[in-house]
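These notes concern the structure reproduced below.
In structure tokens, the structure reads:
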């Protein structure tokens, strides 16, 4: 990403300034947010800790002065109530309704104007609500009298010191915009964020349940859920059970869950797991959480400062550990994912420090942490979903590659199977051939040789000698055709040569033998071998018998024009001088050529006869033309009828 | 013809069929440089006849009392240099190859005419070995890396020239034609094939020589 060091510095600066940019942006966006007009703000009050429930019963003495907003010192460990008294002057009340506005009272309140109750923030019985959102209580202008008036306010708290916060009294229309804005900003927005976070938590919980080995998703889901729970508790002033402290502590525990799960999540996300450290963190976390639960329930809230003194420092420690993990990860090399996480962590850190300062009244401003964390969680969720999608794509790619490989292997396997089958067939053929050969050699062949020997030895049997030889030659051709040819037509022709040499020698005919290197012919089985050899053999036989030639050329070569082999048998005899007769031999030559898908040309030149067999490598190409072409060509001339 | 009987090569025949045997004898006797010293109808007779040393031994493979290959082995144990040819009807049966592997130097067809028998035997005596396309093809398959080796034969490697000779032989070319195509003399080509046969039969030949020397039967 960072192509130069300048770019990298700019990137780092942006990341470091990100929280301040965010705060400034929010501040700027909210600059025109409606405020309570300053002249209506209450700045001072009198304060009295008292369990009296009606203003008329209040004692006259014992009131202390306090500034607003600000906390007043009371015993915090038990529920109690305090009264605030604010005198104010009204010149002209007018007709429109007035209102008392409390932005963030942190307790429950009952409000009186001139001893007349105008409203409250809910029941005064336990569990007592703790309001952390705005309250606006309207009252009719006629309650006010010209001149001095008195606002009396009873704050009932469960555990926390009354801290009235920002308070104002004014005609209702003057307060309404500020109230509505605060309501929207501090309540409605948070309600929405709870829904969003809960949905995200469910989504990542579901992802995790589908992929248990990716624990990062599970911890992230728990983090989302705990943060949503923390906000939901904040938005629910009145706990569903009596112990308000427990409600408060549950919120603390929810924040604790968030801190812990963040640490565990970051460890898994960056791949920098430290199982022992994690176990220690979980253990001290569990002890702290147990104290937070047990103390209000069974110990009577004996350690009110436990939260401040132990729990919050402990969570800070866990957060510091999370930050250190992020820093270690950054030290190993910055990736987009770690950068996003680190920026998020940094953002939350700065904003939470700022919020703390505001809560302690060191700073003035709005609280942004809830929004920041919500925003950050959404950003991280987006990054995680992106990662999930990337993992998905990677898995898909891997699956596709695997599919491809499986397909290749299957094809190879199928091919091997075919080869094995071919081999088996060849072996079966070979053993069958051996058996037949053996039988023929010892039987038919032997007898033929025997008969031939007898025929040659006696003058009277001379006429049967030639037919016997023909028989033997036939038998040899058939036997040869059983030899596995492996597509090698050259060696098929090679085997033919010794079989014809005796006849050639007897006839005194020379042979010119020209066999080139030939391409392999697929599917060259015994039938095809026999067809080719018979065509060539008959061409030669015809030449010997009928042409009166002195020499015969047998040439086999690769075809020039197309993919195939041509075999030429040419003699220097007298050609066709007699009318064409389609003898038996010729017909069988044509039939064999057709069955080979080959074309057969028989033509007569000035001297001699040419027989040309064209054998395509893919017999389908010529299957039809071969059958048509052969008789067509023969029409020019032909060969005298072979002996019947 | 009968003027110089001493220079005629002495041929022994082992063939079970009497008619064929006699016909063969007649064709061989018709050759001016050949004579038939002994004929046998069984393997046992054939082996017994080998008490005398022939110049050439012709053996049929299917014998009533055993395999002709046994006769070849017995002959080679006695006379490791003895030229032996198989007599066969077709010339391309597996057992012909087995016979060559056992040390035979080629084959004759049972109906070969006199001049072809004479030519083959003379080639054999001159140090060549006759080869047929069928046998050449078997040999190529045997010696090729991926081919199916003949059982029990160690796989020697052939030289490029020897392979060329074999390849041309499978196409039906004669020695003279192979010689012309490769620019060699016919004798050289013939000696190539003899080397090829020796490479094929290396086990059986050396075994025979070892056994012969052990028995003190090795002549010369």
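Residue numbers (my numbering), protein chains in the order written: chain A, 7 to 650; chain B, 19 to 238. Even for Gly, the Cβ is constructed at its ideal location relative to N, Cα and C.
Under DSSP, residue 427 of chain A forms no beta bridge with any residue.
Within the region 175-201 of chain B, 188, 189, 190, 191 and 195 place their CB atoms closer than 7 Å to a CB of chain A, listed in sequence order.
Residue state for residue 575 of chain A is assigned as strand, using DSSP reduced to three classes.
Inside the region 144-220 of chain B, DSSP marks whole alpha helix (DSSP H) runs of 4 or more residues at positions 151-161, 178-188, 193-200 and 204-218, from first to last along the chain. In the DSSP assignment, residue 320 of chain A falls within the unbroken alpha helix (DSSP H) covering 318-337.
Rounded to whole angstroms, the gap between the alpha carbons of residue 333 of chain A and residue 323 of chain A is 15 Å. Under the 7 Å criterion on CB atoms, residue 596 of chain A is classed as non-interfacial with respect to chain B. For residue 253 of chain A, the three-state secondary structure derived from DSSP is helix. Non-local C-beta neighbours of residue 363 of chain A in its own chain, meaning closer than 6 Å and more than five positions away in sequence, comprise 369, ordered along the chain.
Of all residues in the region 24-43 of chain B, only 35, 37, 38 and 41 place a beta-carbon less than 7 Å from a beta-carbon of chain A.
A straight-line Cα-Cα distance of about 46 Å links residue 213 of chain B and residue 581 of chain A. Within the region 451-464 of chain A, those residues whose Cβ lies closer than 8 Å to any Cβ of chain B are, in chain order, 451, 452, 454, 455, 456, 458, 459, 460, 462 and 463. Residues of the region 482-498 of chain A that bring their beta carbon within less than 8 Å of a beta carbon in chain B comprise 482, 485, 486, 489, 494, 496 and 497, in sequence order. One thing to note: residue 193 of chain A has its Cβ no nearer than 7 Å to the Cβ of residue 258 of chain A. Fewer than three Cβ pairs drawn from the region 47-66 of chain A and the region 196-204 of chain A lie within less than 8 Å of each other, which leaves the two stretches out of contact. Across the region 142-167 of chain B, CB contacts with chain A closer than 7 Å involve 150, 151, 152 and 155, in sequence order along the chain. Taking a C-beta distance under 7 Å as the contact criterion, residue 598 of chain A and residue 537 of chain A qualify as a contact pair. Apart from sequence neighbours up to five positions away, the residues of its chain that approach residue 72 of chain B with a beta-carbon distance below 6 Å are 28, 30 and 55, ordered along the chain.
Nearest CB-CB separation between residue 78 of chain B and chain A: not below the 7 Å threshold. Using beta-carbon distances, residue 217 of chain B does not count as an interface residue toward chain A, since no partner is under 7 Å.
Legend: CB atoms of the region 46-62 of chain B lying less than 8 Å from CB atoms of chain A are not found in any residue. When the beta-carbon positions are compared, residue 356 of chain A and residue 379 of chain A stay at least 7 Å from each other. Non-local C-beta neighbours of residue 240 of chain A in its own chain, meaning closer than 6 Å and more than five positions away in sequence, comprise 138, ordered along the chain.
In this structure, residue 209 of chain B sits away from residue 124 of chain B, with a CB-CB distance that is not shorter than 7 Å.
Here the alpha carbons of residue 574 of chain A and residue 622 of chain A stand approximately 14 Å from one another.
Against chain B, a Cβ distance below 9 Å from residue 519 of chain A picks out 189, 190, 191, 192 and 195. Residue 328 of chain A and residue 97 of chain A have their C-alpha atoms some 59 Å from each other.
Against chain A, the beta carbon of residue 131 of chain B has neighbours under 9 Å at 508, 511 and 512, listed in chain order. Of all residues in the region 100-122 of chain B, those with a C-beta nearer than 9 Å to a C-beta of chain A are 106, 107, 108, 109, 110, 111, 112 and 113, reading in chain order.
At a cut-off of 7 Å between beta carbons, residue 128 of chain B contacts chain A.
Exposed is the label assigned to residue 13 of chain A, since fewer than 16 other Cβ atoms lie within 10 Å of its Cβ. Below 8 Å, enough C-beta pairs join the region 466-486 of chain A and the region 103-114 of chain B to call them touching: three or more. Judged by DSSP in its simplified three-state form, residue 225 of chain A adopts helix. In the DSSP annotation of this structure, residue 371 of chain A is not part of any alpha helix (DSSP H), being labelled neither H nor E. Spanning the alpha carbons of residue 269 of chain A and residue 20 of chain A requires a straight line of approximately 24 Å. At a beta-carbon threshold of 9 Å, the residues of chain B lying near residue 440 of chain A are 111, 112 and 113, ordered along the chain.
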